[in-house]
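Chemist: Have a look at this one before I ask anything.
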Amino acid sequence: MIFNIQRYSLHDGAGLRSTVFFKGCSLHCPWCSNPESQKASPELMFESSKCIACHDCLTASDNGEMELFEGKVTMNPRRRQNTESFRDLCPTKALQIIGQTQSAEEICRIVLKDRAFYERSGGGVTLSGGEPLLQADLCREVAKKLKKENIHISIETCLHVPWKNIKMMLPYVDEFLCDVKHCDPIVFREQTGGDLNLILDNLKKLSESGADIRARVPIIYGFNHDEKTVEGILDIVESNEAIRAVDYMPYHPLGAGKYESLGREYSLPGHIMDNEEIENYIKITELRKIPVTIGG
Ligand code: SF4
Numbered sequence: 002m003i004f005n006i007q008r009y010s011l012h013d014g015a016g017l018r019s020t021v022f023f024k025g026c027s028l029h030c031p032w033c034s035n036p037e038s039q040k041a042s043p044e045l046m047f048e049s050s051k052c053i054a055c056h057d058c059l060t061a062s063d064n065g066e067m068e069l070f071e072g073k074v075t076m077n078p079r080r081r082q083n084t085e086s087f088r089d090l091c092p093t094k095a096l097q098i099i100g101q102t103q104s105a106e107e108i109c110r111i112v113l114k115d116r117a118f119y120e121r122s123g124g125g126v127t128l129s130g131g132e133p134l135l136q137a138d139l140c141r142e143v144a145k146k147l148k149k150e151n152i153h154i155s156i157e158t159c160l161h162v163p164w165k166n167i168k169m170m171l172p173y174v175d176e177f178l179c180d181v182k183h184c185d186p187i188v189f190r191e192q193t194g195g196d197l198n199l200i201l202d203n204l205k206k207l208s209e210s211g212a213d214i215r216a217r218v219p220i221i222y223g224f225n226h227d228e229k230t231v232e233g234i235l236d237i238v239e240s241n242e243a244i245r246a247v248d249y250m251p252y253h254p255l256g257a258g259k260y261e262s263l264g265r266e267y268s269l270p271g272h273i274m275d276n277e278e279i280e281n282y283i284k285i286t287e288l289r290k291i292p293v294t295i296g297g
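The sequence shown stops at residue 297 when you use this note's numbering, and every number in between is there.
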């Protein structure tokens, strides 16, 4: 279940890359800028600004997924969605189905089109999501095929999966980009619904395996935007020798509009954090002699 294959990406690892986005995540972080990645099944996304009110989707709505409200076409997120009724239906793509099944062969055929760019830029392919390792068999198939073609492979993961899903990727992945979001299991569970101890256990095993790891740390108001928490995160980084750098990812609300398009609420403030706001974290990271970047 894939929801996007983005070509010419510059932010998901070294060089020019293609990023394959797997759908479905075992965490539900309220700041997620790709909320369409969280649910494992296909879902409808409706952008009202693109709608020309042709009413084709109303005719196709057996379950009342799309309806007229105060004279305007709207999506009713409370209805069970029969997404296939809407495939290739909307003339303006105001209404889209997010998520489709794709085979490892199809994914590789698409990303290998840009092999020349990867070779020239020192790039490759990044497996991302959602949480790609929830679909570990597909991930491994893709990575195995690409490794045979000598493509550099990175994976972006929150590590909130069984260890066996990570272990099976070790022979094929060149670089693990691992989220380290917090150091307190209680706060972590409250905000993301996840088990921090599972993540830390996986991180330790991954580090001991000798994998090449970068830690990705989102900086989020009301969650980890304080020195004590960042110091705690850096303690975790230092205790795992294979982590070679930290990438701070300042909070931005760029995904906020997607929540509305999915019929969900966005609960975080709309303030754009600039790099200066995390300058202090850069300093305390450098004091520990840990290589650090902002924005990945
Ligand atoms: S099919 Fe597309 S353009 Fe037509 S009413 Fe539905 S959302 Fe609007």
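Where a beta carbon is used, it is the ideal one built from N, C-alpha and C, also for glycine.
No experiment lies behind these values; they were computed from the predicted model shown.
In the DSSP output, what is Ile295 paired with across the bridge?
Modeler: Tyr249
Chemist: Quick check: does the Cβ of Ile220 come within less than 7 Å of any heavy atom belonging to the ligand SF4?
Modeler: no
Chemist: Tell me the DSSP bridge mates of Gly125?
Modeler: Arg18
Chemist: Give the DSSP-derived three-state secondary structure of Arg9 in the structure shown.
Modeler: Checking the sequence, you will find Tyr at residue 9 rather than Arg. Tyr9: strand per DSSP, three-state reduction.
Chemist: Which of the three DSSP states, helix, strand or coil, is assigned to Phe87?
Modeler: helix
Chemist: Answer yes if the stretch 126 to 133 comes into contact with the stretch 144 to 160, meaning at least three C-beta pairs across the two stretches below 8 Å, and no otherwise.
Modeler: yes
Chemist: In the DSSP assignment, what are the bridge partners of Arg217?
Modeler: Asp180, Asp248
Chemist: So the candidates are Arg141, Glu132, His183; which of them puts its Cα closest to the Cα of Val162?
Modeler: Glu132
Chemist: Using three-state DSSP, classify Val74 as helix, strand or coil.
Modeler: Correct three-state label for Val74: strand.
Chemist: Since I believe Gln192 is in contact with Cys30 (beta carbons under 8 Å), could you give me their beta-carbon distance rounded to a whole number of angstroms?
Modeler: With 8 Å as the limit, Cys30 and Gln192 qualify as a contact, their Cβ atoms being about 7 Å apart.
Chemist: Sort out for me which residues DSSP pairs Ser155 with in a bridge.
Modeler: Thr127, Glu176
Chemist: Answer with buried or exposed for Tyr9, where buried requires no fewer than 16 other C-beta atoms within 10 angstroms of its C-beta.
Modeler: exposed
Chemist: Taking only three categories from DSSP, how would you classify Glu120?
Modeler: helix
Chemist: Taking a contact to mean a Cβ-Cβ separation below 8 Å, would you say Ile167 touches Leu134 in this structure?
Modeler: Yes, the pair counts as a contact, with Cβ atoms nearer than the cut-off.
Chemist: Taking all protein chains shown into account, do 16 or more other C-beta atoms lie within 10 angstroms of the C-beta of Arg215, making it buried, or fewer, making it exposed?
Modeler: buried
Chemist: If you reduce the DSSP assignment to three classes, tell me which class Ile273 lands in.
Modeler: coil
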